[in-house]
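Report on the structure given below.
Number of protein chains: 2
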Amino acid sequence: MWCQSCREEYEERDAGTCKECYEEASETEEELKREIDDLKSKVAFLRLASPHDLVSTTDLVLHASSSTSPSSPSNPNSSLCTTPAVPAHRAVLISRSPVFKAMLENEMEESRSGIIKIYDVSYDVLRSFVHYLYTAEVLLDEHMACDLLILAEKYQVKHLKIFCEKFMTSKVNSENAVASYAFAHRHNAKQLLEASLSLIMDNMATLTEREEYKELVEKDPRLVVEIYEAYLIRQVNTAAKDLTLQP
Amino acid sequence: MWCQSCREEYEERDAGTCKECYEEASETEEELKREIDDLKSKVAFLRLASPHDLVSTTDLVLHASSSTSPSSPSNPNSSLCTTPAVPAHRAVLISRSPVFKAMLENEMEESRSGIIKIYDVSYDVLRSFVHYLYTAEVLLDEHMACDLLILAEKYQVKHLKIFCEKFMTSKVNSENAVASYAFAHRHNAKQLLEASLSLIMDNMATLTEREEYKELVEKDPRLVVEIYEAYLIRQVNTAAKDLTLQP
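As they're listed, the protein sequences go chains W and A. Per our numbering, the very first residue in the first sequence carries number 1; after that it's consecutive. Per our numbering, the very first residue in the second sequence carries number 1; after that it's consecutive.
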């Protein structure tokens, strides 16, 4: 027989679908592609210009403060150092983040002054964050993904958090698995947590030699306990499966 | 053989694809569906809240004036009657429409006053228009599609124009084909023009009896000439094809 798709001959044992299903699948594919084109043009339409191109109409500014927040006493020696302002529109921040919405729709200091200070973040990260709120676009590297995920979590910008988490999950390897695991735990990133935990368990033999492991035992031993508990469950399940498979 | 998709038996002559192609197609379909989900969540993210929910941050208003524009002398007796204001943000109008961009980024009266008058449009249509600029969403009927297409053309909101044109094209029938054809001509709606012209040509026998045809001959005879020219080309092509097919 001849395959209608690749146009090559095949044996009966390599048969796939009947003609009707093949034609139906081709139609479905075309429909899905049309839907993708429609959605892409909708995304392009809904994307706002960058706030820098709309600067004459902005009605507030965000400042990146590279020190820790006053409410975080862990680093009391750092000074509050303010970088250039990032202009933005209240309407956009309100639409994208429930935290900004609460801040700007109520009579809070930020709403009155039109100045929002964002602590513990660099100017570049803040600019990328705001740019994403306008365009849903950002060029990620591992540092940027990490910093933006933290901001996205803080301001409840779910879409950006998922985007960064997907990127970080794609970058997990045996080298950074422990650090990723701790990070994922701290910032409620389930997908990243599962991927890094799975990789840690694949490399249990060398786990205790790792520097990050030793640090984690010091800093947050409960997280280490969770690794061992997950490993134990996996071992028990594997043993049970082996038993079932025995003749 | 058994089809791997519908699980039914088929004869050799009804064979579709080989197994490899079937599996590849299934993977492609899954990928396309994932892409659709990603794009849908991007659309949801980029959608702004309606301007009515952001009213405290709006920085201009649009007024629907149900009379003709002062520059259009065809209806000199109508009075300028202004309906309730539709609040909006300069930043959104600038992002969505090159016409609003030119108007608001230059020192034009609208930019200084923060008031934009939109002529020849009802309040409902204007509200839907502005709502679309924020959300890419609108509930269309034939009248709304027609009015919004005109606005979209005037303010160069290409995405909305395409959306309305698609809707109108899906509603063309032998009853409204002549009116649709004239409308499409007036507003550069190619897809609608082709669909309505094709339908007119399918019903040439009754064309000259139609009221809208008679009106069109009065108002814009060149458009009627174009119908006949297209019909002639079709007839010549059909005749040529028939000749080729003769034994």
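C-beta: ideal position from N, C-alpha, C; glycine also. These numbers come from a predicted model, not from an experiment.
Using the C-alpha atoms, what's the distance from residue 29 of chain W back to residue 185 of chain W? 39 Å
Quick one: give me the first and last residue of the beta strand (DSSP E) that residue 52 of chain A is part of. Taken as a continuous stretch (DSSP letters only), residue 52 of chain A belongs to no beta strand (DSSP E), as it is neither H nor E.
Do the region 232 to 246 of chain W and the region 1 to 16 of chain A touch if we need at least three Cβ pairs shorter than 8 Å? no
To the nearest angstrom, report how far apart residue 164 of chain A and residue 48 of chain A are at their CA atoms. 21 Å
Taking Cβ positions only, does residue 100 of chain W come closer than 7 Å to chain A? no
Can you have a look at residue 79 of chain A and say buried or exposed, based on whether 16 or more other CB atoms are within 10 angstroms of its CB? A caution first: residue 79 of chain A carries a pLDDT of 41, below 50, which makes its placement in the model too unreliable to give a value.
At least three beta-carbon pairs within less than 8 Å, the region 192 to 202 of chain A to the region 156 to 172 of chain A: yes
Quick check: the Cα distance between residue 214 of chain A and residue 182 of chain A, rounded to an integer number of angstroms? 12 Å
Among the candidates A/11, A/191, A/21, A/8, whose CA atom is the shortest distance from the CA of residue 14 of chain W? A/21
Along the chain, where does the beta strand (DSSP E) containing residue 15 of chain W start, and where does it finish? 15 to 18
Candidates W/112, W/42, W/116, of which the one nearest residue 99 of chain W by Cα: W/116
Express the C-alpha separation of residue 210 of chain A and residue 239 of chain A in angstroms, rounding to a whole number. 27 Å
Out of W/180, W/64, W/153, W/206, which has the shortest C-alpha to C-alpha gap to residue 223 of chain W? W/180
Contacting positions in the region 124 to 138 of chain A - beta carbon closer than 7 Å to chain W: 136
Is there contact here, the region 30 to 49 of chain W with the region 34 to 42 of chain A, by at least three beta-carbon pairs under 8 Å? yes
Which residues, in order along the region 4 to 21 of chain W, keep a beta-carbon less than 8 Å from a beta-carbon of chain A? 4, 5, 6, 8, 10, 12, 14, 15, 16, 17, 18, 19, 20, 21
Does DSSP put residue 65 of chain W in a helix, in a strand, or in coil? strand
At least one CB of chain A closer than 7 Å to the CB of residue 45 of chain W: is that the case? yes
Kindly give me the distance between the Cβ atoms of residue 50 of chain W and residue 131 of chain W, rounded to whole angstroms, as I take these residues to be in contact under 8 Å. 6 Å
Assuming residue 43 of chain W and residue 43 of chain A make a contact with CB atoms under 8 Å, what is their CB distance in whole Å? 6 Å
Give the list of continuous beta strand (DSSP E) stretches no shorter than 3 residues that lie fully inside the region 77 to 154 of chain W. 82 to 88, 115 to 119
Determine the direct distance from the alpha carbon of residue 195 of chain A to that of residue 251 of chain W, and round the result to whole angstroms. Residue 251 of chain W lies beyond the stretch modelled for chain W, which goes from 1 to 247, so this question has no answer here.
Of the residues A/220, A/120, A/96, the one placed nearest residue 161 of chain A, counting alpha carbons only: A/96
Note down the Cα distance separating residue 133 of chain W from residue 109 of chain W, rounded to an integer number of angstroms. 22 Å
Quick check: residue 168 of chain A and residue 145 of chain A, are their CB atoms within less than 7 Å of each other? yes
Simplified DSSP state of residue 9 of chain W, which is helix, strand or coil: strand
For a cutoff of 7 Å on Cβ pairs, would you count residue 80 of chain A as touching chain W? Note on residue 80 of chain A: pLDDT 47, under 50, position unreliable in the model; no value is reported.
Start-end ranges of the alpha helix (DSSP H) lying completely within the region 170 to 210 of chain W, minimum 4 residues: 177 to 186, 190 to 202, 204 to 207
Across which residues does DSSP place residue 60 of chain W in a beta bridge pair? W/88
Assuming residue 90 of chain A contacts residue 57 of chain W under a Cβ cut-off of 8 Å, what Cβ separation, rounded to an integer in Å, is found between them? 4 Å
What's the call for residue 219 of chain W, buried or exposed, on a 16-neighbour Cβ count within 10 Å? exposed
Please list the partners that residue 89 of chain W has in chain A, where partner means a Cβ-to-Cβ separation under 8 Å. 57, 89, 91
Going by beta-carbon coordinates alone, are residue 147 of chain A and residue 125 of chain A separated by less than 7 Å? yes
Please report how far the alpha carbon of residue 123 of chain A lies from the alpha carbon of residue 204 of chain A, in whole angstroms. 39 Å
Any beta carbon from chain W within less than 7 Å of residue 39 of chain A's own beta carbon? yes
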